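Numbering (this note's numbering), first residue to last: -6 to 972. Positions of the beta carbon are idealized from the N, C-alpha and C atoms, including for glycine. Bear in mind the structure is a predicted one, so any value in this text is a computation, not a measurement. First up is the structure itself, then whatever we jot down about it.
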Amino acid sequence: MLQINIADVIAVLNTMIPQLIIIGVVLVAAIICTIAAIKIKKPLKGFVRKQAWLVFLLTLVLVVTNILLVPMYSMVNMAMGGGKISEESSEQAKELCTEIAEEGIVLLKNDSAALPLAAGTKVNVFGWSSTNPIYGGTGSGALSAAYPTVDFLQGLTDAGIEYNQELVDFYKGWRDSRPSVGMMGQDWTIPEPTIDEYGDLFTSAKDYSDTAIFFIARSGGEGADLPVSYDGADTYNFDPNSFFGGTGTRYSEQADDLDANKSYLELSNREKALLDKVTSDYSKVIVIVNSANAMELGFVNDYSQIKSVIYCPGTGQTGFDGLGEILAGTVNPSGKTADTFVADLHATPTANNFGDFDYTNMSEFGFENMFAEGGMSYPTFVNYVEGIYVGYRFYETAFAEAEAGNMDFDYDSAVVYPFGYGLSYTTFSQEMGPVTTDGKTVSFDVTVTNTGSVAGKDVVEVYYNPPYTNGGIEKSAANLIAFEKTGVLEAGASETVTISFAMEDMASYDTYGEGCYVLDAGDYEISINTDAHNKIASETVTVDSKVVYNESNKRESDFVAATNQFGFAEGDSFTYLSRADGFANYDEATKAPASYELSDAYKATYFNETNYDPTAYNNDADVMPTTGAKNGVKLAELRGLSYDDPKWDSLLDELTVSEMNTLIALGGYETSAVDSIDKVMTYDCDGPASINNNFTGQGSIGFPAAVMIACTWNKDLAYAFGDSIGKMADEMDVSGWYAPATNTHRSAFAGRNFEYYSEDGVLAGWMCAKAVDGARAHGVYSYVKHFATNDQETNRTGFLCTWLNEQSLREVYLKSFEIAFKKANPAATMVAFNNIGTVPAEACSELLNTVLRGEWGFRGLAETDYFGGYGYQDSDRMIRNGCDLMLATYETPQSTVTDQTSATSVIAMRQASKNILYTVVNSRAYDKNISTGLPTWVKILYAVDALLIALIAFLEFKAIKKYLAQKKELANTPDSAEV
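What follows is the structure in structure tokens.
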């Protein structure tokens, strides 16, 4: 989501225009009276002047009070509310942050057992980023500046590892801050000195130590995707006084680094030169990759001197202590990759269809947007041509097809590190027990034994390979279906892990046949793997006959059968990648878009603020619901009752249209109070790695990036993370958490990959579900986001039409959400900015009503992402299609429901209000005695007003008394003349 910006400040001031006009008019009148009174004789002259300014003072008091209680009420209320995180909770969070890093950092390479470092080893740390590492991301995922961070060098020190201070001093003297990557402007410079600038440091460094650490880092964040080409026009302008810091784009301020043939996720020219120098001087080099985005790491195999490689995504506030411990060997790494690391990011199935694609025939739909180039947005698009073959699903399936002789494909050349890959300082064996099934559930045990010499943890990864018919339903040859992590196993110790999953979870979505999920007949290979590519053991489960999960035979996990709903999002100008004949259509399917025009058929379905009229969708048969009834029901009475309990109607009948409108329109970091039903205001806060109140400044430490949490493959740690967030939120009097985020790593270049878990929906879904459960234990509802297909930042608020087929939507992009909503109880969701097809996700009934509430049985509220309008955010359209709450910090023309008279609209307002109220009453906000009276600050305001008005009255009394006395005195002195 977006943070508050200067445009919001201006808009808020606009809401005060009537009050400001009144102040201005009365001020001018007072000045005129003061000047005009020159011609009046004493004592009347002084009296008139006093009256003018007393009237102005009274007006000022009343109008300022009105401003605070009307247009500014919500924001002042948020700024005045909230509690404080206890020192105990903060300390516990810091310990958990380190623990997550200890298990989420991934050892990718360790030739000759170069790690851990021997006790007493000194190291030379090369790479400027070692002095300015990456802790998280930018935007809503940024860390709070209120807490100190443990940097990489401090992590080394804390682990007892000495480093060359001369190198550190050189880097800090060369540059002291990281280039800014923000929402409005990005400086993508990868700071690194030239070789010549090191002087004689290379010589002295060799005298200091024979071990080198080569440290590289990449940043990312909300609002911008990473450069796929590291060159282009420099339009960047940094303004320290600007809210956003900078505007435009700079690829590098180091001209010798600019290279259009490279991407941001490759070694820069300067980094390559430094690595060449370091590997020429040292035979033992350790590479640390500090990036949430999967970089091209093939270079680590080009140098025999590179013995060890560590992948370390954003560490949060204290996570670099975990990295130091791993280097020193006091902690044994147990992380596994959450993404596939490929050799060439320009050669992935998504490469040509990720980024900026502008329609050429949609100019009539343009709309003002401060985040768009030139201040105007026009409809854009992105084609998900790869279908279900995202990440490892393509590479493992291509390998299977090549093994079958159906295509030429060199897996080892394409993939550097597979999904689910990670090494340890010890070794493990895994023994797969007999597989049993009752036709509904597949179960077996896996015995994990530590066969090495040091204690450690291991991950059991379970995949299935379904039967595939050439030209039939698209199927990946490898699909993660279950995983578990062991506890700490001492050398020689064993642990038995029980695996169980539903047969229906192996079903494929048959878009063009049955129009629902089907479990084809045939043999399903169930394997335990070290990663997506390497199998340890496998067994076969046979399905004797095809199972069709249609309306008469829904999946047991569904409330309503999942059937075709999204044909409107398939598009008609490109081809989807197919496994048929060994991906025979790969070149055709994955090429860059050939057409930049939206077809007439789809154009006829395109609506935004330029052409949407809610009244055109009114149903004359709708009956106006009851409003403003005096039933005496209070919201607290509904706590714990079923969503369908009849008492809800009695409560909802009490709401007025105005109350419902405020509840819907004003949902930015809050849900609004409704006095008539004793509904209290609740606070909602950012973000995915922490819990921060933007209004009070209170907040928690920053936890590691979601990628790091996913790399732990530890559900218990994901729960502990949510539990810590929930505990701190409760202490802050916060009921809603704008997280977790669980979109898909469709491309390594996506700016918010740090905030999302993985390329795989099963791994992401379980991590998300457990975090939600943890927060829910404290009564905190989680806005699981961004629902759905917000998988790139480019054009996200720029009318982005996302085209994809139903199978990929359900099996890939909705999978993690489905698991989170079915396995946990978030009670809320934040809906994505982008369109699905031509329909905004925030107004997509098929997504929000049919799938979310129908198929998955979700009960709760759906909220927009940050409500900037952008030409398509319209509360009328959204509440009619399942999005209940507008994330607006003040009422705008777009967040306000414009049709408040038709039965159709009022029914939609009523339903949206019910969803909001249901979530809130079943949260921590109603878990204890609640105060429904006036907020303390309002009571203080009234008291101050009373004192000021009393003071004005006293001054008025004094003025009148003095005037009358002077007048009487003048009357008793007939010979005196007024001057």
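Cα-Cα separation between residue i and residue j, rounded to whole angstroms
i, j, result
"residue 541", "residue 90", "45 Å"
"residue 914", "residue 887", "27 Å"
"residue 129", "residue 5", "31 Å"
"residue 241", "residue 247", "17 Å"
"residue 733", "residue 680", "8 Å"
"residue 971", "residue 960", "Unreliable positioning characterises residue 971 in this predicted model, as indicated by a pLDDT of 41, which lies under 50. A coordinate reading is not provided."
"residue 283", "residue 209", "6 Å"
"residue 624", "residue 310", "51 Å"
"residue 15", "residue 360", "33 Å"
"residue 263", "residue 188", "8 Å"
"residue 344", "residue 583", "8 Å"
"residue 379", "residue 97", "29 Å"
"residue 258", "residue 306", "14 Å"
"residue 538", "residue 515", "8 Å"
"residue 952", "residue 50", "14 Å"
"residue 626", "residue 667", "13 Å"
"residue 481", "residue 472", "27 Å"
"residue 147", "residue 161", "12 Å"
"residue 587", "residue 744", "25 Å"
"residue 350", "residue 797", "15 Å"
"residue 621", "residue 893", "14 Å"
"residue 518", "residue 549", "22 Å"
Chain-order list of residues whose beta-carbon lies under 8 Å from that of residue i (same chain, five-residue window excluded)
i, result
"residue 152", "314, 317, 318, 320, 321 and 323"
"residue 170", "125"
"residue 977", "Nothing can be reported for residue 977, as the shown portion of the chain is limited to -6 through 972."
Proximal residues to residue i (C-beta, below 6 Å), its chain only, five neighbours per side dropped
i, result
"residue 973", "With the chain running from -6 to 972 in the structure shown, residue 973 is simply not present."
"residue 358", "372, 601 and 603"
"residue 399", "575"
"residue 432", "none"
"residue 957", "none"
Assumed close pair residue i, residue j - CB separation to whole angstroms, cut-off 8 Å
i, j, result
"residue 768", "residue 829", "Not quite, the Cβ-Cβ distance comes to about 27 Å (not below 8 Å), so this is no contact."
"residue 439", "residue 426", "7 Å"
"residue 412", "residue 753", "7 Å"
"residue 452", "residue 476", "6 Å"
"residue 487", "residue 442", "4 Å"
"residue 149", "residue 140", "With a Cβ gap of about 20 Å, residue 149 and residue 140 do not count as contacting."
"residue 116", "residue 78", "That belief does not hold up - the Cβ atoms of residue 116 and residue 78 are roughly 36 Å apart, past 8 Å."
With 16 other Cβ atoms within 10 Å as the buried cut-off, status of residue i
i, result
"residue 223", "buried"
"residue 80", "exposed"
"residue 973", "Summary: the structure shown does not reach residue 973, with the chain confined to residues -6 through 972, and so no result is reported for it."
"residue 260", "buried"
"residue 786", "buried"
"residue 988", "One cannot answer for residue 988 here, as it falls past the ends of the chain, which runs -6 to 972."
"residue 740", "buried"
"residue 204", "buried"
"residue 937", "exposed"
"residue 217", "buried"
"residue 763", "buried"
"residue 466", "buried"
"residue 113", "exposed"
"residue 722", "buried"
Sequence-distant residues of the same chain with beta carbon closer than 7 Å to residue i, five excluded per side
i, result
"residue 683", "136, 137, 692, 693, 694, 695 and 696"
"residue 827", "782, 783, 789, 793, 795 and 834"
"residue 726", "74, 75, 76 and 676"
"residue 554", "509, 542, 543, 544 and 547"
"residue 661", "860, 880, 881 and 882"
Any chain C beta carbon closer than 8 Å to residue i
i, result
"residue 285", "Chain labels in this structure do not include chain C; a single protein chain is all it has."
At a cut of 8 Å, does the region 808 to 827 reach the region 774 to 793 through at least three beta carbon pairs?
-> yes
Does the pairing of the region 557 to 566 with the region 833 to 848 give three or more beta-carbon distances under 8 Å?
-> yes
Taking 8 Å as the threshold, find out whether the region 4 to 21 comes into contact with the region 33 to 41 through three or more Cβ pairs.
-> no
Do the region 415 to 423 and the region 377 to 390 meet, that is, are 3 or more Cβ pairs less than 8 Å apart?
-> no
Could you tell me whether the region 861 to 875 touches the region 883 to 902, using the rule of 3 or more Cβ pairs below 8 Å?
-> yes
How about the region 804 to 811 and the region 738 to 756: do they share at least three Cβ pairs that are nearer than 8 Å?
-> yes
Cβ pair count under 8 Å reaching 3, the region 47 to 62 against the region 705 to 716 | no
Segment contact flag, the region 290 to 303 with the region 98 to 109, C-beta cutoff 8 Å, min 3 pairs | yes
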